[in-house]
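Asks: Numbering (my numbering), first residue to last: 182 to 537.
Where a beta carbon is used, it is the ideal one built from N, C-alpha and C, also for glycine.
Since we're looking at a predicted model, the values are computed, not measured.
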Amino acid sequence: RHIQASYKFDNFSRSFVDILAAQQTPEGSQWYQGTADAVRQNMRYFLEQPFDYYIILSGDQLYRMDFRALLHQHIRSGSDITLAIKPVTREQASDFGIMLSDADRRVTHFVEKPKDPAVLNEFRMGPELLASTGSAPDAELYQASMGIYVFNRNVLVECLDNDLVDFGKHIIPQAIQERQVSGYVFNGYWEDIGTIRAFYDANLDLTDLLPQYSFFDATAPIYTHPRFLPGSKINGATLRQAIIADGCIISDAHLERSVVGVRSIIQSGATIRNSIVMGADYYETDPGTQRGLPPIGIGRNCVIDRAIIDKNARIADGVVITPEGKPPDLDADNYFIRDGIVVVPKNAVIPPGFWI
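1) Express the C-alpha separation of F232 and T452 in angstroms, rounding to a whole number.
2) I'd like to know whether the C-beta atoms of E372 and L251 end up nearer to each other than 8 Å.
3) By Cβ distance below 6 Å, which residues in the same chain neighbour H290 in space, the five residues on each side in sequence not counted?
4) Let me know the beta strand (DSSP E) ranges lying completely inside the region 390–452, each 3 residues or longer, listed in chain order.
5) For N493, which of helix, strand or coil comes out of DSSP?
6) Shortest alpha-carbon distance to G364 belongs to which of S239, G215 and D261?
7) Which partner residues does F517 have in the DSSP bridge list?
8) Quick check: V174 and V288, are their CB atoms within less than 8 Å of each other?
9) Which runs of the beta strand (DSSP E) at least 3 residues long sit entirely within the region 264–347? Give them in chain order.
10) Could you check what DSSP says for Q254 in three-state terms: helix, strand or coil?
11) The beta strand (DSSP E) with V366 in it runs from where to where?
12) Ordered along the chain, which non-local residues of its own chain (more than five positions away) have a Cβ less than 6 Å from that of Y235?
13) Please state whether DSSP places E372 in a helix, a strand or coil.
14) Looking at C-alpha atoms only, which residue of R408, F248, S196 and A320 is the closest neighbour of Q230?
15) With distances taken from CA atoms, which of R472, G369 and N192 is nearest P392?
16) Using a Cβ-Cβ cutoff of less than 7 Å, which residues in the same chain neighbour I374 once the five nearest sequence positions on both sides are dropped?
17) Taking S326 and F367 to be in contact with their CB atoms under 8 Å, please state how far apart those CB atoms are, rounded to whole angstroms.
18) Give the single residue among G478, V524, D498 and R221 whose Cα lies nearest to the Cα of C340.
19) So the candidates are R286, G499, P504 and D498; which of them puts its Cα closest to the Cα of I489?
20) Just reading off the beta strand (DSSP E) that P243 is part of, what are its end residues?
21) Are the region 429–436 and the region 393–408 in contact at 8 Å, needing three or more beta carbon pairs?
22) What is the DSSP secondary structure of I537, reduced to helix, strand or coil?
23) Grouping DSSP H, G and I as helix and E and B as strand, with all else coil, what is Y235?
24) Does DSSP put I485 in a helix, in a strand, or in coil?
25) Would you kindly report the start and end of the unbroken alpha helix (DSSP H) that includes S187?
26) Pull up the distance between the alpha-carbon of F248 and that of R257, whole angstroms please.
27) Mind checking R539: buried by the 16 CB within 10 Å criterion, or exposed?
28) Starting from the C-beta of Q254, find all residues in its chain whose C-beta is less than 8 Å away, skip the five residues before and the five after it, and write them out in chain order.
29) Spatial neighbours of I446 within its chain, please: C-beta separation below 6 Å, excluding the five flanking residues on both sides.
30) Whole angstroms is fine: what's the gap from L390's alpha carbon to N343's?
31) Is it the case that the region 479–498 contacts the region 452–465, given that we only count it when at least three CB pairs across the two stretches are under 8 Å?
32) Going by Cα to Cα distance, which pick from P508, V525 and P509 is closest to Y516?
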C-alpha cells in the first residue's frame, strides 16, 4: 500500500507501479514457496512489457542505492546476472551467502552461511578487489550477497524454467556454474530488517546524533504518500534523541531514544525509552471510553521501555511495559516478546495498571 500510494506517476510517463499480491494462479496452485517461486508465479505479468532487464529486490532491507549504477555495470560487463555485494567482516560472514570473484568481478564460487574457518579463508577478498572498493589492503572482508539481482530477460525466463524455489539457495549457485555472473560492490549503509530485533535496532539507530543512515539528505530523499497532517504539538514534554512524526500530540511526557509515529497521542506523565510507537491510522472522533475502552495512544503515567507499540494500540493509564525479568521469547494474550523486545500488536488493548 505504501509503494502504490507513494509512487504515482504522471499520465505522460511510461512508468507505473503494480502491486501483485500473493495469489493462486494457473502457473501455481500453491502460495509462494520462496523468492524464486514468487517471481515465477508472476512471470506472465513481467513478460507483457518489452523490458530487457529485470532488477529483483528484497522487501525487508534498509539502504539507499542508485539502481542506475547497478544496471549500467551489468550492461557494460555483458553479464547474464549481476549480484549486489556488500563487504562484511569475518564475524558477519557466517550470516550471509558469501561469494568469490576474480579480478574482473566475475563470480566463480558461492557458499551459503559458511562456518568452516578454512572455507572462510578461501573466500576472503583479495588485495586487488579490496583496493577497488576503497578498503585497506590488509582488511579481512568477504563478499556477501545482498539479495539484489539483475537478470537479462531471457536468462530470467530460463533460470526459472524449473521447480527451484529460492534465488539465494538454488537459482544463483546453479547459475554461477553455468552462466556469466558478476558482482556489483555496494559500500553504503545496508541492513536486513527482516526480524523484530533488526527492525528495532535499525529504527532506534536513527535517533543517534550521527546515524549511519540519515533521512536528512536533500540529494536522496525518501518518499512517502501525502497525509496532510498538521505539525506535532508538544505540550511541555522532555525529548532526548527522539524522532517525532507529523500529527502527534505529546503532553508533559518524557521521551528518550525513541521513534514516535504519525498521529500518536501520548498523555502527561508517560515515560518512553528505547521504544518505537507506530502511531495511529486515524484520529478518534468517537472516544474509546464511550465503548468501555481506553483511547488510542499512550495513557497517563505509563512507563514503556524496549518495546514496539503497533498502530491503534490502546494503552490505558498506569501501564508498565518492559522486558525486564522476562524470558527473551514469550507469547501472551495481548503482547509477545521476541529477542528481548516487547511487541504490542496492532489494535491491542492494555487495561489500566497492567504490568507487562
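Replies: Let me lay it out:
1) Straight-line spacing of the CA atoms in T452 and F232 works out to 53 Å.
2) In this structure, the beta-carbon distance from E372 to L251 does not fall below 8 Å.
3) So the list reads L281, once near-sequence residues are dropped.
4) Runs found: 414–416, 419–425, 430–432 and 435–441.
5) N493 falls in the coil class under three-state DSSP.
6) If we check each option's Cα against that of G364, D261 comes out closest.
7) Answer is D512 and V524, bridged to F517.
8) The question about residue 174 has no answer, for the chain in this structure spans 182 to 537.
9) Here the runs fully enclosed are 278–282, 288–293 and 322–333.
10) Correct three-state label for Q254: helix.
11) From DSSP, the beta strand (DSSP E) with V366 extends over V362 to V366.
12) These residues qualify, in order along the chain: F332 and L337.
13) Strand at E372.
14) Measuring from the Cα of Q230, the nearest candidate turns out to be S196.
15) Nearest option by C-alpha distance: G369.
16) Hits under 7 Å: D241, Q242, L243, F380 and A383.
17) About 11 Å separates the two Cβ atoms, so there is no contact after all.
18) In terms of CA proximity to C340, R221 leads the group G478, V524, D498 and R221.
19) Measuring from the Cα of I489, the nearest candidate turns out to be P504.
20) One detail in the question is off: residue 243 reads as Leu in this sequence, not Pro. Its beta strand (DSSP E) spans residues Q242 to Y244.
21) The region 429–436 is not in contact with the region 393–408.
22) Here I537 carries a coil assignment [DSSP, helix/strand/coil].
23) Here Y235 sits in strand by DSSP.
24) Assigned with DSSP and collapsed to three states, I485 falls in strand.
25) Here the alpha helix (DSSP H) through S187 covers H183 to S187.
26) The alpha-carbon atoms of F248 and R257 are separated by roughly 14 Å.
27) With the chain running from 182 to 537 in the structure shown, residue 539 is simply not present.
28) Cβ neighbours of Q254 beyond the five flanking positions: T263, S363 and Y365.
29) Here I446 has I430 and G478 as same chain residues with Cβ atoms under 6 Å from its own Cβ, once five neighbours each way along the sequence are excluded.
30) Straight-line Cα distance between these residues: approximately 49 Å.
31) In the pairwise beta carbon analysis, the region 452–465 is classified as touching the region 479–498: at least three pairs are separated by under 8 Å.
32) The shortest C-alpha separation from Y516 is found at V525.
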